[in-house]
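Written out below as structure tokens is the structure these notes cover.
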Amino acid sequence: MPMRWLAAFFTVAMAAPLMAVTVVTPARTTEVFSRADLIDLLEILRLTGAEVEFAPAAGSYTARRAGHEVQFTPGGSLAVVDGRLQPLPGPIRSLEGHTVGNLAVASALLAPLGWAVHGDVGSGLILTPAGEAAPITLAVTREGGATVVVASGPPALPRARPAPGGLALHYQSPVRLATPLALEGGLSGASVDGSILTLQLVPGWEVAASYPLDDPPRFVVRLASAFPTGAAEVQRSGPLVVIDPGHGGEDQGAQGAGGVLEKTVTLAVARLTAERLRAAGIEVRLTREGDETVALRDRTALANRLRADAFVSIHANASPARGARGAETYYMSADASDPQAAAAAERENAPAETTTLGLILWDLAHVANLNSSARLAREIQDRLNAVHGIATRGVKQAPFVVLTGATMPAALVEIGFLSHPEEGQLVSQPDTQRRIADALAAGILAFLRNAPPPAPAEQP
Amino acid sequence: MRWLRPLVAAVLLLVGLAAAAVLVTRSRSRSTAPVEVPGTPEPTPVPAYLTLFFPGPDLALHRERRLVAESPPTTQRCAAMVLEELLAGSQEGWASPFTWPASVGAVFVTSAGNVFADISPPPAGHVQGTASEVGLVYSAVNSVVASCPGVARVQLLFAGRQVESFGHLDLGRPLAARPDLVAP
Ligand SMILES: [Zn+2]
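In structure tokens form, the structure reads like this:
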């Protein structure tokens, strides 16, 4: 910090009136409106040279500087930073004609624009260009056959994007690695370029799942070998199906009449379905064997890692409309599979240079399986329709977390409504569960027997 | 020339006061929020119709036209108004998709036509089953897209946070409207 700034800072801070805070920047020293711990955010942003304008159509302010953009609304505690939504550490308010927030909020708005604020509202503030990169700690552990990388440190979470040979985490401001990297399992290296941390993978390893965690903000990347059980996996003689009993553990799912829980019903039906498939010579894995909590993305990650031929998630439905009943089978949402939708989502969320790659991966991972997912759903639903006592609601599409992450034909079955007084009783009875399992297994077997048709996806 | 001194002093004082007034006005106009604060009513309110969707007993979404006293002046206000009307419930007897006391918080509109809308969160475990989630999410998405020109997608936030899922649907991204869910 240059001495002349400090001198200017202390000289002016001593003389500052109570209703304003002295702010020193490399270019000037000025007074900014403040009340208690709140400061005028628009003035602070303008002092960095950012353009701040109010967009009546959006009802919000936009601050732009050095190619970055922060959008925020008085009355809210969220900001859109470079097109991506981000919670703020406190609310933005209108006070005496000023748009104000506390220092943490100011800091969060300044960081993406490349500036940092030091000091406190009571005694004075110094605004500096943020030269210092935020340190990132990478914790690398082995979990069974997987390698788990947890990136923590920067206050804002990154956006994960595929990169050649690995995965790139795009942070909002410059970062640096805090500690030497412990190379483990599938991680062969990590490098930082500005605000981008790139994780390099050992050849033959892939990203099985990546997701953010809060309090404190962390980003988890789960790496798995493309061939987790080595030769046995490659030499698999027949098809492999992953059955996902919905919910489990802390997540009970829906609760039906008489207290029956969705997680119990789905596990029973999944076990019975697996039994029938195994009897037909199909290899089957369940995403949970008992009453365990399993994250949604880990369920799909297992199927992706095992390179399953089909993934079927089993659920029981519920609705505030008490008369609602019937079974239905879903496959991936038209929304997620619509290339225009994908393009729009990419434009909104990704830096421009990764858009093409992002779209290609989107296509490969999701759209390629749309036709066969639709057929899997149809084969299952046709047979569920025949199960006595359960009305049909048909084949549908929706953006389920477990379906959008799957890289193989995937469907989600709602075997009936637990919230319906009669149907809820019915689907919790072992006899009905056996018949539902028969229908599910028959549908999956019919799907595996037939080659994927060349016809386009059916619309529900 | 001594007699000129008070005159010069008076002129200087006036010039100084004028300059100070200009400076004060400029600094005030820079630090004061613009008059177009979100939600500021139009001088002469024009009534308008919003298109709302509510889930029926058949679980399809049913269209309800809603007359509001004031045509929303901005896209942001439009999205907020649609969600407020949706939360207030149906006037034609349809079920409410939001089955807990909820209110609308901050609403953002991005240049790509994505709306991010903050809603007070449901109690833990309150939203049960795929059908409830579909009714909740797409009543909001379809209503905002149908009522607010320029909106392409909507993402609901709860208590100011992005929610990955209530157990089924992917709520971690803006969703496009689903006309196929609307009753014929
Ligand atoms: Zn479920």
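The listed protein sequences correspond, in order, to chains A and B. Terminal number for the first sequence in my numbering: 1163, no gaps in between. Terminal number for the second sequence in my numbering: 199, no gaps in between. Every residue gets a Cβ at the ideal spot worked out from N, C-alpha and C, and that includes glycine. Quick caveat, the model's predicted, so the values are computed rather than measured.
Next on the checklist: Please tell me whether, using a cut-off of 7 angstroms, the distance from the CB of residue 957 (chain A) to the nearest non-hydrogen atom of ligand 1 is below it.
Outcome noted: Sequence index remark: in the first sequence, residue 957 (chain A) carries index 254 (1-based). Within the cutoff, so yes.
Checklist entry - Counting along the chain, where does the alpha helix (DSSP H) carrying residue 1004 (chain A) start and finish? => result Here residue 1004 (chain A) refers to the residue found at position 301 when the first sequence is read from its first residue. 999-1009 is the span of the alpha helix (DSSP H), which, as asked, contains residue 1004 (chain A).
Item to check | Local Cβ density within 10 Å of residue 1001 (chain A), reported as buried at 16 or more and exposed below that | outcome: Looking up residue 1001 (chain A) in the first sequence gives position 298. Burial call: buried.
Checklist entry - Distance, Cα to Cα, residue 1025 (chain A) vs residue 190 (chain B)? => result As a working note, residue 1025 (chain A) is residue 322 in the first sequence. As a working note, residue 190 (chain B) is residue 175 in the second sequence. Each residue's alpha carbon lies about 27 angstroms from the other.
Item to check | Top-ranked residue by Cα proximity to residue 149 (chain B), from B:128, B:76, B:67 | outcome: Against the second sequence, residue 149 (chain B) aligns to sequence position 134. If we check each option's Cα against that of residue 149 (chain B), B:76 comes out closest.
Item to check | DSSP beta-bridge partners of residue 66 (chain B) | outcome: For the purposes of this step, residue 66 (chain B) is taken as residue 51 along the second sequence, with counting starting at 1. Residue 66 (chain B) is bridged to B:80.
Checklist entry - Going by alpha carbons, who is nearest to residue 954 (chain A) out of A:947, A:945, A:964? => result Numbered from its first residue, the first sequence carries residue 954 (chain A) at position 251. For residue 954 (chain A), the nearest C-alpha among the options comes from A:964.
Next on the checklist: Taking a contact to mean a Cβ-Cβ separation below 8 angstroms, would you say residue 1104 (chain A) touches residue 195 (chain B) in this structure?
Outcome noted: On the first sequence, residue 1104 (chain A) is found 401 positions in, with the first residue counted as 1. On the second sequence, residue 195 (chain B) is found 180 positions in, with the first residue counted as 1. Result no, Cβ atoms of residue 1104 (chain A) and residue 195 (chain B) do not sit closer than 8 angstroms.
Next on the checklist: On the DSSP letters alone, give me the boundaries of the beta strand (DSSP E) that residue 1096 (chain A) sits inside.
Outcome noted: For the purposes of this step, residue 1096 (chain A) is taken as the residue at position 393 of the first sequence. Run containing residue 1096 (chain A): 1095-1101, per the beta strand (DSSP E) assignment.
Item to check | Nearest neighbour of residue 846 (chain A), chosen from A:825, A:961, A:889, A:822 [CA to CA] | outcome: Here residue 846 (chain A) corresponds to residue number 143 of the first sequence, with the count starting at 1. Of the listed residues, the one whose Cα sits closest to residue 846 (chain A) is A:889.
Next on the checklist: Report the CB separation of residue 177 (chain B) from residue 788 (chain A) in whole angstroms; it is logged as a contact under 8 angstroms.
Outcome noted: Looking up residue 177 (chain B) in the second sequence gives position 162. Looking up residue 788 (chain A) in the first sequence gives position 85. Yes, they are in contact, since the Cβ atoms of residue 177 (chain B) and residue 788 (chain A) sit about 6 angstroms apart, within 8 angstroms.
Item to check | Beta-carbon neighbours of residue 179 (chain B), restricted to chain E and to distances below 8 angstroms | outcome: Of the chains in the structure shown, none is chain E; the protein chains are A and B.
Checklist entry - According to DSSP, is residue 840 (chain A) helix, strand or coil? => result Against the first sequence, residue 840 (chain A) aligns to sequence position 137. Of the three classes helix, strand and coil, the one that applies to residue 840 (chain A) here is strand, per DSSP.
Checklist entry - If you run the structure through DSSP and keep just helix, strand and coil, what is residue 1084 (chain A)? => result To locate residue 1084 (chain A), count along the first sequence from 1; it is residue 381. Residue state, collapsed to three classes: helix.
Item to check | Span separating the alpha-carbon of residue 764 (chain A) from that of residue 90 (chain B) | outcome: Here residue 764 (chain A) refers to the residue found at position 61 when the first sequence is read from its first residue. Here residue 90 (chain B) refers to the residue found at position 75 when the second sequence is read from its first residue. Those two C-alpha atoms are separated by around 14 angstroms.
Checklist entry - What residues of chain B sit near residue 954 (chain A), judged by a beta carbon separation below 8 angstroms? => result By 1-based counting over the first sequence, the position of residue 954 (chain A) is 251. By Cβ distance, chain B contributes 182.
Item to check | Contacts of residue 172 (chain B) in chain A (Cβ-Cβ under 8 angstroms) | outcome: By 1-based counting over the second sequence, the position of residue 172 (chain B) is 157. Result: 781, 788.
Next on the checklist: Need the endpoints of the alpha helix (DSSP H) that residue 151 (chain B) sits in, please.
Outcome noted: The residue labelled residue 151 (chain B) in the question sits at position 136 within the second sequence. Residues 145-162.
Item to check | Buried versus exposed, by CB contacts within 10 Å (16 or more), residue 933 (chain A) | outcome: Locating residue 933 (chain A) in the first sequence gives position 230, where the first residue counts as 1. Note that residue 933 (chain A) scores a pLDDT of 40, beneath 50, so its modelled location is shaky and nothing firm can be said.
Next on the checklist: Would residue 822 (chain A) and residue 805 (chain A) be called neighbours here (beta carbons separated by less than 8 angstroms)?
Outcome noted: Position 119 of the first sequence holds residue 822 (chain A). Position 102 of the first sequence holds residue 805 (chain A). Residue 805 (chain A) is positioned such that its CB atom lies no closer than 8 angstroms to that of residue 822 (chain A).
Next on the checklist: I want to know whether the region 919-926 of chain A touches the region 1081-1089 of chain A - three or more CB-CB distances under 8 angstroms.
Outcome noted: no
Next on the checklist: Could you give the first and the last residue of the continuous alpha helix (DSSP H) run that contains residue 1127 (chain A)?
Outcome noted: Translated into the one-based positions of the first sequence, residue 1127 (chain A) becomes position 424. Taken as a continuous stretch (DSSP letters only), the alpha helix (DSSP H) holding residue 1127 (chain A) covers 1124-1130.
Checklist entry - Mind listing which residues of the region 1003-1026 of chain A have their C-beta closer than 7 angstroms to chain B's C-betas, in chain order? => result 1018, 1020, 1021, 1022, 1023, 1024, 1026
Next on the checklist: I'd like the span of the beta strand (DSSP E) that includes residue 871 (chain A), first residue to last.
Outcome noted: For the purposes of this step, residue 871 (chain A) is taken as the residue at position 168 of the first sequence. 869-873 is the extent of the beta strand (DSSP E) around residue 871 (chain A).
Checklist entry - With burial defined as no fewer than 16 other Cβ atoms inside 10 Å of the residue's Cβ, what is the status of residue 987 (chain A): buried or exposed? => result As a first step, residue 987 (chain A) is located in the first sequence; it is residue number 284 there, counting from the start. Buried, since its Cβ has 16 or more Cβ neighbours within 10 Å.
Checklist entry - Taking Cβ-Cβ distances shorter than 9 angstroms, what residues in chain A pair up with residue 136 (chain B)? => result Position 121 of the second sequence, counted from the start, is the residue given in the question as residue 136 (chain B). In chain order: nothing, as chain A lies at least about 13 angstroms away.
Item to check | Cβ neighbour criterion (16 or more within 10 Å) applied to residue 1131 (chain A) | outcome: On the first sequence, residue 1131 (chain A) is found 428 positions in, with the first residue counted as 1. By the 10 Å Cβ count, residue 1131 (chain A) comes out buried.
Checklist entry - residue 1146 (chain A) lies in the alpha helix (DSSP H); which residues open and close that run? => result Position 443 of the first sequence, counted from the first residue, corresponds to residue 1146 (chain A). That run of the alpha helix (DSSP H) goes 1133-1152.
Item to check | Proximal residues, the region 941-968 of chain A versus chain B, C-beta separation under 9 angstroms | outcome: 949, 950, 954, 955, 956, 957, 958, 965
Checklist entry - Around the C-beta of residue 182 (chain B), are 16 or more other C-beta atoms found within 10 angstroms, so that it is buried, or is it exposed? => result Taking the first residue of the second sequence as 1, we reach residue 182 (chain B) at position 167. That one is buried.
Checklist entry - If you run the structure through DSSP and keep just helix, strand and coil, what is residue 884 (chain A)? => result The residue labelled residue 884 (chain A) in the question sits at position 181 within the first sequence. Note: residue 884 (chain A) maps to coil in three-state DSSP.
Checklist entry - residue 854 (chain A) to residue 85 (chain B), Cα distance in whole Å? => result Taking the first residue of the first sequence as 1, we reach residue 854 (chain A) at position 151. Taking the first residue of the second sequence as 1, we reach residue 85 (chain B) at position 70. Answer to the nearest angstrom: the Cα atoms are 49 angstroms apart.
Item to check | Contact list for residue 810 (chain A) against chain B, beta-carbon separation under 9 angstroms | outcome: Taking the first sequence and counting its residues from 1, the one referred to as residue 810 (chain A) is at position 107. Within chain B, no residue comes near residue 810 (chain A); the closest Cβ sits about 17 angstroms away, beyond 9 angstroms.
Item to check | Test: residue 37 (chain B) CB closer than 8 angstroms to a CB of chain A | outcome: Start at 1 with the first residue of the second sequence, and residue 37 (chain B) comes out as number 22. Interpretation of residue 37 (chain B) is limited by its pLDDT of 46, a score under 50 that renders its predicted location unreliable; no figure is taken from the coordinates.
Item to check | Contact test: residue 14 (chain B) Cβ vs ligand 1 heavy atom, cutoff 7 angstroms | outcome: Residue numbering for chain B in the displayed model covers 16 to 199; residue 14 (chain B) lies beyond these limits and cannot be assessed.
Checklist entry - Curious, which full-length alpha helix (DSSP H) runs of at least 4 residues does the region 766-827 of chain A contain? => result 806-813
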